[in-house]
Amino acid sequence: MEVIICSSGEDVARIAAERIVDAIAGRDEPVLGVATGSSPLTIYADLARRIDAGELDLSRAHAFALDEYVGLPADHPQSYAATIKATVTEPLRMDPSRVHVPDGMADDLIAACEDYEQAIVAAGGIDAQILGIGANGHIGFNEPTSSFTSRTRMKTLAETTRVANQRFFTNGVPVPVHCVTQGLGTIMEARTIVLVAMGEGKAEAVAQAVEGPVSAMWPASVLQFHRRASVIVDEAAAGRLALADYYRDTWDRLPAHHRADG
Ligand code: F6R
2 MEVIICSSGE DVARIAAERI VDAIAGRDEP VLGVATGSSP LTIYADLARR
52 IDAGELDLSR AHAFALDEYV GLPADHPQSY AATIKATVTE PLRMDPSRVH
102 VPDGMADDLI AACEDYEQAI VAAGGIDAQI LGIGANGHIG FNEPTSSFTS
152 RTRMKTLAET TRVANQRFFT NGVPVPVHCV TQGLGTIMEA RTIVLVAMGE
202 GKAEAVAQAV EGPVSAMWPA SVLQFHRRAS VIVDEAAAGR LALADYYRDT
252 WDRLPAHHRA DG
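Below is the structure:
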């Protein structure tokens, strides 16, 4: 794993965006894996700035969201379909027909999950997967004890996740109990993974993911088996990393052309 500790949230976003741009370089129809939540918003803003500056074009790109709540229609303001439209599709000027979110309203959820997996394969697989991390170590909505080989499926949200996400539901609507999420096995097939985390609330999860034993109790720890995973964090989220100085040293000694900040 590449672990990069940044002195500011802006640096987290800029270096993450650089990793993503590198991962899709030369791809005519790149395939992005996109997350919702707060963590990736500044990455999307950075990518949007590059698009506005004419440095990046995602009009032929495909995108697949990690997850969706069960029972919220796509036009519900807190659905991830609506969130992805507002934070990814529109600012990144993507073709809406190429942006996919799991269907949490499908009559046959099992078939819809299977179709979602097949759509990812049909697009050529995910080139660059953007991830946040839950304070309990979830990625996507793969809560503790999720199978490392899991595929897109319905899950029950952990109570701590529902409490954490209540902040998005300001209109008195309770956070749904169930979700559809790409599995850990699905996520692990992305060719490049970029996980970002900010704030001390994520410090324990980041330490367990990067340095802990690989354990289903901390689902993000499966990323230790990925060949090309970058974990990009601010100082607060790095607060419990035992080898923080080593990661800083590694970064400082990296030849300039390998560093996102040049
Ligand atoms: C969102 C997702 C989740 C979030 C995680 C962190 O699509 O899959 O894993 O990335 O809950 O959320 P934030 O960034 O809001 O702290």
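2 is the number of the first residue of the sequence shown in the numbering used here; add one for each residue after it. Virtual Cβ for every residue (Gly too), placed ideally from N, Cα, C. Source: prediction; values computed, not measured.
*Compare the beta carbon distance of L244 and V4 with 9 Å and say whether it is the shorter of the two.*
yes
*Determine the extent of the beta strand (DSSP E) in which A129 is found, giving its start and end residues.*
129–132
*Among the residues of its own chain, which have a CB less than 7 Å from the CB of G141, if the five just before and after it don't count?*
L67, D68, T182, Q183, I188
*Go through its chain and collect everything with a Cβ distance to Y248's Cβ below 6 Å, but skip five positions before and after it.*
V4, I6
*asked:* Against chain B, with Cβ distances strictly below 9 Å, would Q130 count as a contact?
replied: Absent from the structure: chain B. Only one protein chain is present.
*On the premise that T43 lies in contact with A14, defined as a C-beta separation below 8 Å, what is that separation, rounded to the nearest angstrom?*
4 Å
*With respect to the alpha helix (DSSP H) encompassing R15, which residues constitute its N-terminal and C-terminal limits?*
10–25
*Taking A24 as the reference, which of G126, S151, S147 has the closest Cα?*
G126
*Secondary structure of D116, DSSP reduced to three states*: helix
*asked:* Let me confirm a value: N137 is counted as buried when at least 16 other C-beta atoms fall within 10 Å, else exposed. Which label applies?
replied: buried
*asked:* By the DSSP assignment, the alpha helix (DSSP H) with M2 in it spans what residues?
replied: Careful: M2 lies outside any alpha helix (DSSP H) and carries neither H nor E.
*Any idea if V223 is buried or exposed, counting beta-carbon neighbours within 10 angstroms, 16 or more meaning buried?*
buried
_According to DSSP, simplified to helix, strand and coil, what is N166?_
helix
*asked:* Residues in the same chain with beta-carbon distance under 7 Å from Q167, minus the five sequence neighbours each way, listed in chain order, please.
replied: V176
*Beta-carbon spacing of R268, I233 below 9 Å*: Only positions 2 to 263 of the chain appear in this structure, which leaves residue 268 out of reach.
*What are the boundary residues of the alpha helix (DSSP H) that M274 is part of?*
Residue 274 cannot be examined here, being either before or after the span of the chain that is shown, 2 to 263.
_Outcome for P31 when other beta-carbon atoms lying within 10 angstroms are tallied against a minimum of 16_ = buried
_Tell me the rounded alpha-carbon separation between F170 and A75._
15 Å
*asked:* If distances are taken between C-alpha atoms only, which option among I52, Q209, H63 comes closest to T145?
replied: Correcting the residue identity first, residue 145 is Pro in this sequence and not Thr. If we check each option's Cα against that of P145, Q209 comes out closest.
_Nearest-angstrom beta carbon gap, H101 and A49 [assumed within contact, 8 Å]_ = Incorrect: roughly 20 Å between the Cβ atoms, too far for contact.
*Taking all protein chains shown into account, decide if M199 is buried (16 or more other Cβ within 10 angstroms of its Cβ) or exposed.*
buried
*Name the two residues that bound the continuous beta strand (DSSP E) containing A64.*
63–66
*With a threshold of 16 other CB atoms inside 10 Å of the CB of I111, please say whether the residue is buried or exposed.*
exposed
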